[in-house]
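Participant:
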Amino acid sequence: MKRIVYTLAQVLGLIAAWYAADRFSAWVGLPFSGGVVGLIIMVVLLQSGVLRPAAIEHGADWLLSNMLLFFIPLVVSVVQFTGLLEQDGLRLFAAIGIGFICVMLATAFTVEWVCRFERGRKLRRLRDARAAA
1 MKRIVYTLAQ VLGLIAAWYA ADRFSAWVGL PFSGGVVGLI IMVVLLQSGV
51 LRPAAIEHGA DWLLSNMLLF FIPLVVSVVQ FTGLLEQDGL RLFAAIGIGF
101 ICVMLATAFT VEWVCRFERG RKLRRLRDAR AAA
């Protein structure tokens, strides 16, 4: 029961962070969504050590494991708008495909960059510790 409450608190915290970033993005008039702003802020908080990964780990794992539930409204709308798919389906699927590829590439490059950055930080700490010894 304690784990459920802990996970729920983390999920609510992530939702609140997303909502705050979305409102900030709309208020400032940024040309990209609040999710991107929230992601940038979350990465900065995690990298700086202000936010520990354990503070959001269970909530993030739960959201990722139940991600399919977030796409159910999309499937329902596709069924309702079959005429739109018949008329503009190829363009829609091309836009979705290009968007998917862009997201995957951006994610891959970001993860690779963060991993290299972390390895560099650890290597510098080891060198500094070895030089001090």
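Going by my numbering, the sequence shown opens with residue 1, and the numbers climb by one from there. Virtual Cβ for every residue (Gly too), placed ideally from N, Cα, C. Everything numeric in this text was worked out from a predicted model, so none of it was measured.
In angstroms, rounded to a whole number, what distance separates the CA positions of Trp62 and Lys2?
Facilitator: Between Trp62 and Lys2, the C-alpha separation is close to 15 Å.
Participant: Could you pull out every unbroken alpha helix (DSSP H) segment of at least 4 residues lying fully inside the segment 11-77, listed in chain order?
Facilitator: DSSP runs (the alpha helix (DSSP H)) wholly in the segment 11-77: 34-48 and 57-65.
Participant: Give me the residue from Met67, Met42 and Asn66 with the minimum Cα distance to Ala55.
Facilitator: The shortest C-alpha separation from Ala55 is found at Met42.
Participant: In angstroms with no decimal places, state the Cα-to-Cα distance between Gln80 and Phe70.
Facilitator: Approximately 17 Å between the Cα atoms of the pair.
Participant: Per the contact definition of three or more C-beta pairs closer than 8 Å, is the segment 6-19 in contact with the segment 45-60?
Facilitator: Enough Cβ pairs lie closer than 8 Å, so yes.
Participant: Return the chain-ordered list of same chain residues with a C-beta closer than 6 Å to the C-beta of Ser25, the five sequence neighbours on each side being excluded.
Facilitator: Only Gly34 and Val37 meet the Cβ criterion.
Participant: Let me know the secondary structure DSSP gives Phe100 once reduced to three states.
Facilitator: Of the three classes helix, strand and coil, the one that applies to Phe100 here is helix, per DSSP.
Participant: Among residues of its own chain, excluding the 5 on either side of Gly49, which ones have a beta-carbon nearer than 8 Å to its beta-carbon?
Facilitator: Taken in chain order, the list of residues that qualify is empty.
Participant: Let me check understanding here. Comparing Cα to Cα, which of Glu86, Val5 and Leu39 lies closest to Tyr19?
Facilitator: With distances taken between Cα atoms, Tyr19 lies closest to Leu39.
Participant: If you draw a straight line from the C-alpha of Arg130 to the C-alpha of Leu123, how long is it?
Facilitator: When rounded, the distance between both Cα atoms is 10 Å.
Participant: Rounded to whole angstroms, what's the CA-CA distance from Leu64 to Ala132? Just pull it up for me.
Facilitator: Rounded to whole angstroms, Leu64 to Ala132 spans 43 Å at the Cα level.
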